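Asker:
Protein chains: 2
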Amino acid sequence: MARAGVTAERLTEAAAELADEVGLENLTVSELARRFGVKDASLYSHIRNAHELRVRVAGLALAELADLAAAALAGRAGKDALVAFAGTYRDYAREHPGRYTAMQVDLDPDTEAAGAARRHSDMTRAILRGYSLAEPDQTDAVRLLGSVFHGFVSLEMAGGFRHHPRAADESWSRMLDTIDVALRNWPAERAEPDASHG
Amino acid sequence: MARAGVTAERLTEAAAELADEVGLENLTVSELARRFGVKDASLYSHIRNAHELRVRVAGLALAELADLAAAALAGRAGKDALVAFAGTYRDYAREHPGRYTAMQVDLDPDTEAAGAARRHSDMTRAILRGYSLAEPDQTDAVRLLGSVFHGFVSLEMAGGFRHHPRAADESWSRMLDTIDVALRNWPAERAEPDASHG
DNA sequence: AGCTTTTACCTAGGAGTCCTAGGAAGAGAA
DNA sequence: TTCTCTTCCTAGGACTCCTAGGTAAAAGCT
Chain A
13 MARAGVTAER LTEAAAELAD EVGLENLTVS ELARRFGVKD ASLYSHIRNA
63 HELRVRVAGL ALAELADLAA AALAGRAGKD ALVAFAGTYR DYAREHPGRY
113 TAMQVDLDPD TEAAGAARRH SDMTRAILRG YSLAEPDQTD AVRLLGSVFH
163 GFVSLEMAGG FRHHPRAADE SWSRMLDTID VALRNWPAER AEPDASHG
Chain B
13 MARAGVTAER LTEAAAELAD EVGLENLTVS ELARRFGVKD ASLYSHIRNA
63 HELRVRVAGL ALAELADLAA AALAGRAGKD ALVAFAGTYR DYAREHPGRY
113 TAMQVDLDPD TEAAGAARRH SDMTRAILRG YSLAEPDQTD AVRLLGSVFH
163 GFVSLEMAGG FRHHPRAADE SWSRMLDTID VALRNWPAER AEPDASHG
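Just so you know, the protein sequences line up as chains A and B, in that order. The C-terminal residue of the first sequence carries number 210 in our numbering, and the numbering is unbroken. The C-terminal residue of the second sequence carries number 210 in our numbering, and the numbering is unbroken.
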């Protein structure tokens, strides 16, 4: 009887694929074993439990997406970089919904997955170099960008924009226009009401 | 033997409570039955399946939150309304993480839960009355607000802001300042690159 | 009050998943 | 070739979801 050649890496990769197909909540150890032509119990020498499987998928996704975002960012600056970076997130979520969902799991700080998470915030900071924001505004802006990207993608995935004729693509690009303007007009510590601009 | 007096409503309420305690992913029919002092099979005369339980929790949360938001909105306008509305979302997510997570489930359009979802977007539109935006910009702005609120709350819940000294509260209020400014300076159809402002 | 109808809850059980314990067989090293 | 390590196995317990069919309590009717 030849062996199936299961390793933690191949397992993680296959788990990511499976999660994209059936949704993260339907990612099961049993089905994964079935795809490797192996009994479910056999997988527990490679992974500790089902939760670890999800954490591994999260780590994979975080690293993959960081690579894609880095590539998209190369040679771009300012709004150009903003749009490219944001587009990478949205495209990744559309192509890999299971992996994207996995990224939201609560991972402990000192794993390599947390390192990938750090790359994301570093890249977001890099985008902000085009907008000259000092701390602590920079951190606030990083969080704003993260919120906007993730929020839109998350709502779109959940079907929140499906029941209105306005195309999500349009709203997406107008939102990025708005954020671009907002970053250039970053308000001072106390923002005075000022309607004279529009 | 006295009956436990289970109804779909009491079940949904208890399910929401349970989800808040142990997380939506750990909401099980069995545990719910246990809390009612009843066998799990007995619950299936009240609910169709475990998924319907989650959908019901989503509907409950959507309606609850809509009521809270409406109350917060009463008598406020402009940025005041924006901040109050946003705060209601964040507070609700902190107090009811299970219910909040449930709201993200993909619910079909013609249930009463979808009606509650509609109330949310209507209220968001109401906030925008203070910023005089015409369609289709208004829809884009509704989606921007939804993205920003949900994105921040979601990342905060996932622990995304825990490993940085800057307090999430600060970032939150600065984000709302920024969004307020952005809504007042809503860009025209084609935003020209313009770095002369900062 | 007695009768019927409804329904809340039950027992029994199958199917699926997660995970542990301990054993057997393949693959590489001595 | 034999020893050792690792991969994969069988067996099985605990839990969850859900169905089918039965019993008893409540509610409605005469």
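Quick reminder that beta carbons are idealized off the backbone N, C-alpha and C, glycines included. The structure presented is a predicted model; accordingly, all values stated were derived computationally and were not measured.
(1) Among the residues of its own chain, which have a CB less than 7 Å from the CB of A98/A, if the five just before and after it don't count?
(2) So, at 6 Å on beta carbons, what are the nonlocal neighbours of S42/B in its own chain, with the 5 sequence-adjacent residues on each side left out?
(3) Can D63/B and L23/B be called in contact, C-beta distance under 7 Å?
(4) Give me the Cα-Cα distance between D103/B and Y112/B, rounded to the nearest whole angstrom.
(5) Any beta carbon from chain B within less than 7 Å of L85/A's own beta carbon?
(6) Name the two residues that bound the continuous alpha helix (DSSP H) containing L156/A.
(7) Are the C-beta of P109/A and some C-beta of chain B separated by less than 7 Å?
(8) Can you name the residues of chain B whose CB is closer than 8 Å to the CB of M187/A?
(9) Following the continuous alpha helix (DSSP H) through I191/A, name the residue where it begins and the one where it ends.
(10) Is the closest heavy atom of the ligand GDP to the C-beta of L23/A under 6 Å?
(11) Can the beta-carbon of A82/B be found closer than 7 Å to that of M115/B?
(12) By Cβ distance below 7 Å, which residues in the same chain neighbour D32/B in space, the five residues on each side in sequence not counted?
(13) When burial is assigned at 16 or more other CB atoms within 10 Å of the CB, is V34/B buried or exposed?
(14) Report the three-state DSSP secondary structure of A203/B (helix, strand or coil).
(15) Tell me which same chain residues have a C-beta within less than 7 Å of the C-beta of A129/B, skipping the five on either side of it?
(16) Our contact map puts L156/A next to T190/B with C-beta atoms below 8 Å; I'd like the distance itself, whole angstroms only.
(17) Using only the alpha-carbon positions, how far apart do R66/B and D192/B sit?
(18) Can you tell which of A146/A, I139/A, A45/A and F173/A has the C-alpha that lies nearest to the C-alpha of A16/A?
(19) A180/A to V18/B, Cα distance in whole Å?
(20) Taking Cβ-Cβ distances shorter than 9 Å, what residues in chain B pair up with R178/A?
(21) Between G158/B and I139/B, what straight-line distance do the alpha-carbon atoms span, to the nearest angstrom?
(22) When burial is assigned at 16 or more other CB atoms within 10 Å of the CB, is D149/A buried or exposed?
(23) In chain A, which residues lie with their C-beta within 8 Å of the C-beta of A100/B?
(24) List, in chain order, every chain B residue whose beta-carbon is nearer than 8 Å to that of L167/A.
(25) With 7 Å as the threshold, decide whether the Cβ of D8/A is near any Cβ in chain B.
(26) G87/A lies in the alpha helix (DSSP H); which residues open and close that run?
(27) Using three-state DSSP, classify S208/B as helix, strand or coil.
(28) The alpha helix (DSSP H) spanning A129/B covers which residue range?
Answerer: Reading off the structure:
(1) F161 and L188
(2) D52
(3) One detail in the question is off: residue 63/B reads as His in this sequence, not Asp. In this structure, L23/B does not lie closer than 7 Å to H63/B by Cβ.
(4) 10 Å
(5) no
(6) D149 to M169
(7) no
(8) D152, R155, L156 and S159
(9) A180 to R196
(10) This structure lacks the ligand GDP; in fact it carries no ligand of any kind.
(11) no
(12) H108, P109, G110 and R111
(13) exposed
(14) Because the pLDDT at A203/B is just 46, under 50, the model does not fix this residue reliably, and the value given afterwards should be weighed accordingly. Residue state, collapsed to three classes: coil.
(15) L74
(16) 6 Å
(17) 35 Å
(18) A45/A
(19) 42 Å
(20) E147, P148, T151, D152 and R155
(21) 12 Å
(22) buried
(23) In the sequence as presented, Ala is not what sits at residue 100/B; that position holds Thr. In chain order: nothing, as chain A lies at least about 16 Å away.
(24) R155, G158, S159 and H162
(25) There is no way to answer for residue 8/A, as the model of chain A reaches only from 13 to 210.
(26) G87/A -> no alpha helix (DSSP H), and no H or E assigned at all.
(27) Confidence in S208/B is poor, its pLDDT being 45 and thus under 50, which makes the residue's placement unreliable; the coordinate value appears in the next sentence. S208/B falls in the coil class under three-state DSSP.
(28) E124 to L140
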